[in-house]
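Protein chains: 2
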Amino acid sequence: MGDLPGYRGASLKALSQQDVSVGDIILVKAKGGEFKGSLLPRYEYADDKHIVLKLDNGYNVGIEVSNIQSISKISEGKKPTFTPPPLPKIDNSLPKVSILGTGGTIASRIDYRTGAVHPAFSAEELYSVIPELAKCAQIETEAVFNIYSENMTPSNWTKLAEACVKKAANVDGIVIGHGTDTMAYTAAALSFALHGIGIPVVLVGSQRSTDRPSSDAAINMISAVTFAVRSPVSGVYVAMHAGTDDGSVAVHLGTKVRKNHTSRRDAFESVNISPVAYVKDQKIELKAKLPARKGAKFEARTKFEEKVALVKFYPGFDPLLIDALVKNGYKGIVLEGTGLGHVSTKCYDAIQKATSNEILVAMTSQCIWGRVRMTVYSTGRELLNLGVIPLADMLPETALVKMMWVLANFKYGEQKSMLQRNISGEINERSPLVRRPA
Amino acid sequence: MGDLPGYRGASLKALSQQDVSVGDIILVKAKGGEFKGSLLPRYEYADDKHIVLKLDNGYNVGIEVSNIQSISKISEGKKPTFTPPPLPKIDNSLPKVSILGTGGTIASRIDYRTGAVHPAFSAEELYSVIPELAKCAQIETEAVFNIYSENMTPSNWTKLAEACVKKAANVDGIVIGHGTDTMAYTAAALSFALHGIGIPVVLVGSQRSTDRPSSDAAINMISAVTFAVRSPVSGVYVAMHAGTDDGSVAVHLGTKVRKNHTSRRDAFESVNISPVAYVKDQKIELKAKLPARKGAKFEARTKFEEKVALVKFYPGFDPLLIDALVKNGYKGIVLEGTGLGHVSTKCYDAIQKATSNEILVAMTSQCIWGRVRMTVYSTGRELLNLGVIPLADMLPETALVKMMWVLANFKYGEQKSMLQRNISGEINERSPLVRRPA
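As you go down the protein sequences, you meet chains H and V in turn.
Take the first sequence: its position 231, counting from 1, is numbered 231 in the numbering used here, and each next residue is one higher.
Here the numbering used here runs 1000 ahead of the position in the second sequence, where the first position is 1.
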C-alpha cells in the first residue's frame, strides 16, 4: 500500500487497491468526468468519502468515492516536503518570548503546495506561517511534549511548569500552545504551580486548524505573544478568540476560564468575572487590576497529587462512588453539588467516612456560575458539620486542580485553609451576581 | 425549651435560656435601649445573630444577640396560626389547572402578622398569596411529596409522572412546584415519561422565597399557570424568570434547560436552543413550533432504571470509577467527556469491559454548549469503535435521565437506537452554533 496520510475508510480502500501514494499524478475516471492531478493528503478530521486531487490549473477537487469508476497512476510524484521560506530579518531589540508546545492544532501549518498539514514548530516555521510574529518578538520554541490534550495528566502539568521555570529568567513572556479540550485545567494548574512568577504565561489554542478559512490559530497566537511580551502584568492567562466578530482576542484569568462550547471559536469564557484584557490589532486593553511584572525569582511549587477526584452529584447518585475512592486510597474529593452546594442525605455516611479518614472533601456547584453558600439551607449546614469544605465561587475544575496542588505541596494542617484562601484569583469575594461578560 | 422555629446558634442559645416561645410578649434589655414586643419566628436562611420582635407599633426590630443584657417573658402569646382570608369568587368558566407540590420555596407564603413562613398549599391559600390566580384559572392542588429537591430520586420521578397521568384527563394544564436544585433533571424525566401527553405540564420554582422583596415566586407561578391553561401546546416545560428586568418569564423545553447560576433569578437557561416561549403580563409569546394540544389518551412510560451513572472526565481521571460501576451491576454510564467527546486512552480498557458486558456507555460534553462529534479526531473514532454511543447536542443531565428511562422501558436491542433518536426535543440537529439566547 502506498503512503496515504489522512485517508481512511472508503477512500483509503479505493486508493489502496491501486499502488498510488500522496503526491503521485493520477487519473480518476468518475461519473461526470475524468480528473488528472496530484493526489493530496487528507486532514485528520476530513470525511472518508472523498479523494482530493490538485489539478494542473491549481484548483483542488474532491471526488466522491462512490462515483469513482477507476483510478490509475500516471507518474510518481515528489513526496510532499516542507522547505521553510527564508527567515525574516528579526530585530534584536524586540522582546523575547518562549513558545512551548504541548500538542494541539495551534502549532500546525499548511503546506499550500500539497495541502498537507505539518506540525510547525521551529521559530523559522512559525515566522513563515504567521509573518506578523517577526515584527512582534524574538521567538524561541521548545516542544515539551506532543499529546492530545485529553491525555494530559497532572505529571504533564509538573513537567510543563518546570519548563516555564527554566525559561522565565531569560524571556519577557511565555506562550504555551495547548489543545483546547483540557487547556483550562492546565491553565489552573500553572496558576498555582507558578504562583509568583514575574512574567506573563499565556496559554493559547485554536478551535479550528490552520488550514480552514475560519481558523483562529494565527490571530490567537499573535495576540498571545503580544500579551506575553508587551503587557505590564504577570501571572497565568488564556488568550482565545472573543465573542465579537471584530477580531479581538479575550485574555482570561487562568483560574476563572472554562471551555463552554464544543466548537465555537469563542468557546472560552471567564466565569464569575469578566475577561481581564482584550487584544485587538496587537493593542492591549487591560480590564482589571492584575499583578505587575516583577523580578525573575519566585518559589515554584510544581507538584500535584493524583489521588484526587471530581465527582458530580445527580438524582439517583450512589455513594458507592465515594466509597470506591476512599477504598482506593484517595486523598481528596471535590463534589459538584446542586445549587448552593447540596447533595442528597444518602451521601452523608460516605462523606463522613471520607472526612474521618482525613480525606479532604470540598464542595462546588454544577451550576458553574455563582457560588456555593452552605449556611442557607439545613442540607448545607449538615454537610459543613460533616467536614465538607465550601469553595465559594471556584470553578469545579479549578477546585480539582487546586486540591491536587494543595495536597502535594502543603502539610495536612495547612491544607484546608490553603484551599479556602485565594491564591491566584480563583476565589472572588466580590461581584457575586456577575454571570458572564455582557 | 420553648417553641423557637428558625432560631439557631447564638440566638437560639440566648432565647432557650429563658422559657420563651415564638408569639410570647417579651422584654429585651440591650445596649442602646429596651424593647417590648411579640417574639417572631426566623426564616430558615436568616442569620443566627439576631432575635426579632414585633413591637406594639407594628414595626419589626432585630436585636443583635451580643448586645442583649437580659430577656424576660411578660406574657404568653397566641401561637402563630394562619387563617386563610375568605376565598375569592372563582369563575366556573375559567380553565382548570392542577398544581402539584413536591417541596421547594414556591409553595411557601408569609404570615404578615407573625412573619412566619408557612407552606401554602391549599387552593385557598394559593389564591390568598397570589390573588391574580383567581382570575386566571380554577385551581386544584395536591402535595405529591415534600422534600428538598437534592433528595429527589428516579422513583420520585415515577410517582410524580403517575400523579400527572391521573390528573391529565380532567384539567387544561398541570403546574408542578419544584425546588430549583434538581428541577431540570425532573423536567427531563417527565419529558420522557409523559411523552405524548396532550396538555402542557409546567415545572416552576423560585430562586428567592416569597418573604423577600425580590422574590420571583408569584410572577413565576402566575406565568406557569397562564402557560399551562392558555397556551395551545402540549409537552413538558420549565417556566422561570427571564434574564431581562421587565418581568418576563421564559418557558424552556424540559429536555434543554439547565440551572446555570446558583442564585440569580434568571438562573435557568435553554442550552443549544432559545427559550420556546415567554410569558409577560399573562400574555404568551410563542417562539418555537411546539406540539399542539391533543386528546387525553397517551401511553405513559414512567419507570426509570436507577443503576445508571453520570461520570465526568478530567485530567488524572482514574478508570477505577468506571470499574466500580461495572462491578456493582450498573446498566448504563453517561460520560461527560472533554471537547467534542473525548476521554484519555487510559480509560479505553475500562470502557471496553463495560460495553462488552452489555452496559450502555454514552458520550456527552462537559462544555455543556455545542455537540459531541466523535468522527473528527482519532480519539473519538477509537471510542466509537469501543461501542461508545455519541449523544449529539444532548445535555449530560438529560442524557443521564434518558438512559435511565430507556433502560427501564425498552429491550436491549432497542435501547441504543432509542437513546440516539430524538423523543422530546433533546436532540436538535439544527442550529449547531447557537450558544444561548441573545
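Backbone N, C-alpha and C define an ideal beta-carbon position, used for all residues, glycine too.
What does DSSP give as the partner residue(s) for residue i in the beta ladder?
i: N1060/V; result: K1054/V
i: H1195/V; result: Paired residue(s): none; H1195/V is not in a bridge.
i: H261/H; result: W1369/V
i: Q1138/V; result: K1096/V
i: E1034/V; result: K1029/V
i: A124/H; result: One detail in the question is off: residue 124/H reads as Glu in this sequence, not Ala. According to DSSP, E124/H bridges with nothing at all.
i: F268/H; result: K259/H
i: Y1185/V; result: Y1185/V pairs with nothing; no bridge assigned.
i: A1250/V; result: M1240/V, Y1278/V
i: K283/H; result: K280/H
i: L1203/V; result: I1176/V, V1238/V
Between residue i and residue j, is the Cβ-Cβ spacing less than 8 Å?
i: L1126/V; j: T1141/V; result: yes
i: M1403/V; j: A1362/V; result: yes
i: G1471/V; j: I1359/V; result: Chain V is shown from 1001 up to 1438; residue 1471/V falls before or after that span and cannot be answered.
i: L194/H; j: A143/H; result: no
i: A1187/V; j: V1257/V; result: yes
i: L55/H; j: F35/H; result: yes
i: I90/H; j: V28/H; result: no
i: E1336/V; j: P1396/V; result: yes
i: G425/H; j: T255/H; result: yes
i: T1158/V; j: T1302/V; result: yes
i: V1401/V; j: F1145/V; result: no
i: D172/H; j: I139/H; result: no
i: S274/H; j: K287/H; result: yes
i: V1204/V; j: A1163/V; result: no
i: K1346/V; j: P1390/V; result: no
i: Y1237/V; j: V1225/V; result: no
i: V1175/V; j: V1249/V; result: no
i: N1272/V; j: W1369/V; result: yes
i: M1394/V; j: L1384/V; result: no
i: K1280/V; j: G1235/V; result: no
i: D1048/V; j: G1077/V; result: no
Based on Cα-Cα distance, which residue from the options lies nearest to residue i?
i: N220/H; options: V165/H, V334/H, G243/H; result: G243/H
i: P1041/V; options: G1002/V, I1068/V, S1155/V, K1411/V; result: G1002/V
i: G1380/V; options: P154/H, D181/H, I25/H; result: D181/H
i: S206/H; options: L384/H, H261/H, G425/H; result: H261/H
i: P154/H; options: F304/H, A224/H, H241/H, K327/H; result: F304/H
i: A14/H; options: G23/H, T364/H, Q69/H; result: Q69/H
i: V129/H; options: V97/H, L53/H, I222/H; result: I222/H
i: P1030/V; options: D1047/V, K1167/V, V1065/V, D1048/V; result: For the record, residue 1030/V in the displayed sequence is Ala; it is not Pro. Of the listed residues, the one whose Cα sits closest to A1030/V is V1065/V.
i: A1168/V; options: L1400/V, L1100/V, N1357/V; result: L1100/V
i: S1365/V; options: K1073/V, D1047/V, V1311/V; result: V1311/V
i: G23/H; options: A10/H, S16/H, G37/H; result: G37/H
i: V1020/V; options: G1033/V, E1269/V, P1005/V; result: P1005/V
i: Y330/H; options: F317/H, S344/H, Y348/H, V308/H; result: V308/H
i: N1151/V; options: C1136/V, E1124/V, G1179/V; result: G1179/V
i: Y1348/V; options: V1372/V, C1367/V, R1371/V, D1323/V; result: D1323/V
i: V1229/V; options: E1269/V, L1094/V, Y1377/V, K1416/V; result: L1094/V
i: M1183/V; options: V376/H, G339/H, F317/H, E382/H; result: G339/H
i: K1166/V; options: N1328/V, A1300/V, A1277/V, F1317/V; result: A1300/V
i: A354/H; options: R371/H, K327/H, S378/H; result: K327/H
Can we count residue i as close to the ligand SAH, meaning its CB is less than 7 Å from some heavy atom?
i: T1141/V; result: Absent from the structure shown: the ligand SAH. Ligands present: none.
Is the Cβ of residue i closer than 8 Å to any Cβ of chain A?
i: K1013/V; result: Going by chain labels, chain A is absent from the structure shown, which instead holds the protein chains H and V.
*Which runs of the alpha helix (DSSP H), 4 residues or longer, sit entirely within the region 359-435 of chain H?*
List check, alpha helix (DSSP H) in window: 378-385, 396-409, 412-420.
_Any C-beta of chain H within less than 9 Å: which residues of the region 1363-1379 of chain V qualify?_
For the region 1363-1379 of chain V, which is checked against every Cβ of chain H, the residues closer than 9 Å are S1365, Q1366, C1367, I1368, W1369, G1370, R1371, V1372, R1373, T1375, V1376, Y1377, S1378, T1379.
_Entirely enclosed alpha helix (DSSP H) segments - the region 1302-1362 of chain V, minimum 4 residues_ = 1320-1327, 1348-1356
*asked:* For the region 1241-1271 of chain V, list every residue whose C-beta sits within 9 Å of some C-beta in chain H, in sequence order.
replied: Listed by position along the chain: G1243, R1258, K1259, N1260, H1261, T1262, S1263, R1264, D1266, A1267.
*At a Cβ cut of 7 Å, what residues of the region 1290-1301 of chain V count as close to chain H, listed as they run along the chain?*
none
*Listed in chain order, which residues of the region 1151-1179 of chain V have Cβ atoms closer than 7 Å to some Cβ of chain H?*
N1151, M1152, T1153, P1154
*Of the residues that make up the region 332-357 of chain H, which ones have a beta carbon closer than 9 Å to any beta carbon in chain V?*
E336, G337, T338, G339, L340, G341, H342, V343, S344, T345, K346
*In chain order, which continuous runs of the alpha helix (DSSP H) of length 4 or greater are located wholly inside the region 1212-1238 of chain V?*
1217-1230
*If you measure beta-carbon to beta-carbon, which residues of the region 91-105 of chain H are closer than 7 Å to chain V?*
Cβ proximity to chain V below 7 Å picks out nothing from the region 91-105 of chain H.
*Residues of the region 378-404 of chain H whose Cβ lies closer than 9 Å to any Cβ of chain V, in chain order*: S378, T379, R381, D393, P396, E397, L400, V401, M404
*Could you list the residues in the region 1180-1203 of chain V with a C-beta less than 7 Å from some C-beta on chain H, going in chain order?*
Going along the region 1180-1203 of chain V in chain order, one finds T1180, D1181, T1182, Y1185 with a Cβ nearer than 7 Å to chain H.
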